[in-house]
Amino acid sequence: MNITRSPGRTLPPRFAVSHALRRTLRTACVAVAAVVSIAPYGDAAAADQLPAYAADLQRTSVSGLSSGGFMAAQFDVAFSSRLIGAGIVAGARSIARA
278 MNITRSPGRT LPPRFAVSHA LRRTLRTACV AVAAVVSIAP YGDAAAADQL PAYAADLQRT
338 SVSGLSSGGF MAAQFDVAFS SRLIGAGIVA GARSIARA
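Per this note's numbering, residue 278 is the first one in the sequence shown, and the count goes up by one each step.
Structure below.
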């Protein structure tokens, strides 16, 4: 199917916005979004300090499952002198076959 305009018929003018105005509006939107996203974190400094745990750092290990296992392995490599071990579970395929 071939669709054409009737001769002599004009299209309504498009709403044109200059590139400078677009750039200004974009910058303003990004600035507003940044201020709005940071605003809820203003009270972070006033938060109560959490109590310390009596963890023995000489008896600390790390463990992870799937992607967490990858992170646990990386953590174990980076801090091997501080850990006693790492438990890494990567998951398995289904053994049952049809």
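In this text, a Cβ means the ideal position worked out from N, Cα and C, and glycines have one as well.
Quick caveat: nothing in here was measured; it's all calculated off a predicted structure.
Buried or exposed, going by whether 16 or more other CB atoms sit within 10 Å of the CB of D325? exposed
Here's the rule: buried if 16 or more other CB atoms are within 10 angstroms of the residue's CB, otherwise exposed. What is G341? buried
Would you kindly work out how many angstroms separate the C-alpha atoms of A375 and S344, rounded to a whole number? Because the pLDDT at A375 is just 47, under 50, the model does not fix this residue reliably, and the value given afterwards should be weighed accordingly. CA-to-CA, the gap between A375 and S344 works out to about 28 angstroms.
Through-space distance from I365 to F347, alpha-carbon basis: 8 angstroms
The alpha helix (DSSP H) enclosing S314, as first and last residue numbers: H296 to I315
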